[in-house]
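The sequence shown: position 130 = 613 (our numbering), numbered continuously. All C-beta atoms, glycine included, are put in the ideal place defined by N, C-alpha and C. What follows is a single structure, written as structure tokens, with notes after it.
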Amino acid sequence: MSDPLIFLIAGEPSGDALGARLMAACKRLTGGRVRFAGIGGEKMVAEGLDSLFPMGELTLFGVFELLPHLPNLLRRIDQTVAEILRLRPDAVVGIDSPGFTVRVSKRVKAQAPDIPLIHYVAPTVWAWKPKRAAKYAAIYDHLLAILPFEPPYFEKEGLPCTFVGHSVVESGAGHGDAQRFREAHGLAPDARVVAVLPGSRKGEVSRLLPDFRATLERLLPSHPELVAVVPTVATVRDRVAAEVAGWPMPTILVEGDGPKYDAFAAAEAALAASGTVALELALARLPTVIAYRLNPVTVALYRRLIRVKYVNLVNLMLDRMLVPELLQEDCRADRLAAELGRLLDDPAARAAQIDGVVEVARWLGQGGTPPSERAAQVVLEVAAGRLHKTRPDKTRAQEPAWETRP
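Structure representation (structure tokens):
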């Protein structure tokens, strides 16, 4: 039998990281006897993927942010479907980015129903659009969930769903070296480092960096030793570098996970866009203020659908506002500076955040079998046909329970 061919599709940096870890785990479990094709970023390319086209073309978010790119997006969907039908892989794994991966998978299902389809990262039906569970059940053969309470939402629709744990626990976010960072950048002993993370999408960077700069400017008179460190990724590096070049305090731009996690270890607090990085900051035990801003019309549409109180997963799992969230009209320099200043100056506020994330890390799968290895085991079993036909009984599936913990 030939080595299995897995077709992977990632559309943004967080999915690229997931895909790279999944590829590495598949190689470990098979002794290297596995092949890959598909779409990914620099991390998946480093694991051996020859990306069909640059992943950066898919890094889009929001209704109005998407519209100008729609013709190219449709062309890339056609191209991806054609490549899957040509290669006939043993399994297709769509990694998050549902705007692209679901459309591709739906067309593959219609034209080649014998190709197993897997989606990695269950949609947040517990937060909004619960009917997506039935939609995914009609398309996919298996779903990989990163949160422990998610499988019942899909199993009751007849879709096999496996909780594999959150890949962020494998990131190394909690193992940075503060001294190495300070020495590498020649920081004075009294320098007070703040990590500033404006996101990985162009729209996020454009909307948030002006507010983040204004926030730091407000803090500078009372915190003259302030040093900003701005971790970034290749897709927005040039734009971020241009924006921070004129900041009034020493500003360090870093790229790559190692330098980023060293920066986390050296920092006293963080100001970050909502997203996966918030979990990395939690695992690094770095007190954080979360901010986000979207096109107002996009937000008006989303607010009609959202069913949860918080955007930060730490707050969601704890069901309380541990990490400050300043969104949309609250994402203002005065509000951000007040919250960030409190984390810099109030030891009790810092300690409360640090203590609160310990249990969340366990719920996300920290300890035991790595999430990527659990995911790889499922993918390889589906590819081999051992899980492809197994579907739960819709009438007997457990009802979703928000309190479910591993």
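When the Cα atoms are used, R675 and G839 turn out to be separated by approximately 23 Å. Contact fails between the stretch 850-859 and the stretch 714-734, because fewer than three Cβ pairs, one in each stretch, are under 8 Å apart.
One alpha carbon belongs to V772, the other to A507, and they sit about 33 Å apart. The count of Cβ pairs closer than 8 Å, one atom from the stretch 650-668 and one from the stretch 698-708, stays below three, leaving the stretches out of contact. By the criterion of a C-beta distance shorter than 7 Å, F519 is surrounded in its chain by I489, L491, M506, G531 and L532, once the five residues flanking it on both sides are discounted. Note that the stretch 583-593 touches the stretch 558-569; at least 3 beta-carbon pairs, one per stretch, sit closer than 8 Å. Per DSSP, E763 is one residue of the alpha helix (DSSP H) stretching across V760 to L766. The stretch 831-876 is shown to contain whole alpha helix (DSSP H) runs of 4 or more residues at 854-866, in chain order.
Ranked by how close their Cα comes to the Cα of H668, the residues E638, R511, V608 and P733 have P733 in first place. The Cβ atoms of V737 and A749 lie no closer than 8 Å to each other. Excluding residues up to 5 positions away in sequence, P599, L600, I601, V865 and H871 lie with their Cβ nearer than 7 Å to the Cβ of D624 in the same chain. The C-beta of V723 has 16 or more other C-beta atoms within 10 Å across all chains shown, which makes the residue buried. Of the residues assessed, D579 falls on the buried side of the cut-off, its CB having 16 or more other CB atoms within 10 angstroms. The residue among P487, T542, D499 and G498 with its C-alpha nearest the C-alpha of G515 is P487. Taking W846 as reference, the option from D597, K639, M527 and F632 with the minimal CA-CA separation is F632. Cβ neighbours of P634 within its own chain (closer than 6 Å, five residues either side excluded): A628, C644 and F646.
The Cβ atoms of I735 and V719 do not sit closer than 8 Å to each other. Residue range R518 to I522 is occupied by the beta strand (DSSP E) that includes F519. DSSP places C644 outside any alpha helix (DSSP H); the residue lies instead in the beta strand (DSSP E), whose first and last residues are C644 to F646. Of the other Cβ atoms in all chains shown, 16 or more fall within 10 Å of the Cβ of T563; this residue is therefore buried.
In this structure, the beta-carbon distance from L796 to L762 falls below 8 Å. Taking C-beta atoms under 8 Å as the contact rule, D499 and G523 qualify, at a distance of about 5 Å.
Within the same chain, Cβ atoms closer than 8 Å to the Cβ of E525 are found at D499 and A717, the five residues on either side in sequence being excluded. The C-alpha of A765 lies about 24 Å from the C-alpha of E666. For the pair G824 and D802, the Cα-to-Cα distance works out to about 24 Å. Assignment of R776 by DSSP, reduced to helix, strand and coil, places it in the coil class.
With contacts defined by Cβ atoms closer than 8 Å, V604 and A616 do not form a contacting pair.
Going by C-alpha positions, G582 is about 32 Å away from P770. Checking the DSSP bridge columns, you'll see G577 partnered with I492 and H602. Approximately 18 Å separates the beta-carbon atoms of A835 and L809; this is outside 8 Å, ruling out the contact.
Boundaries of the beta strand (DSSP E) harbouring T734: T734 to E738, taken from the DSSP string.
In the three-state DSSP reduction, A724 falls in the helix class (H, G or I).
Cβ atoms of A756 and G682 come within 8 Å of each other, at about 4 Å. Within the same chain, L541, S580 and F583 come within 6 Å of G494 by CB-CB distance, once the 5 residues on both sides are set aside.
DSSP lists I601 as the bridge partner or partners of H625.
By the Cβ-count criterion, V841 is exposed, with fewer than 16 other Cβ atoms from all chains shown falling within 10 Å of its own Cβ.
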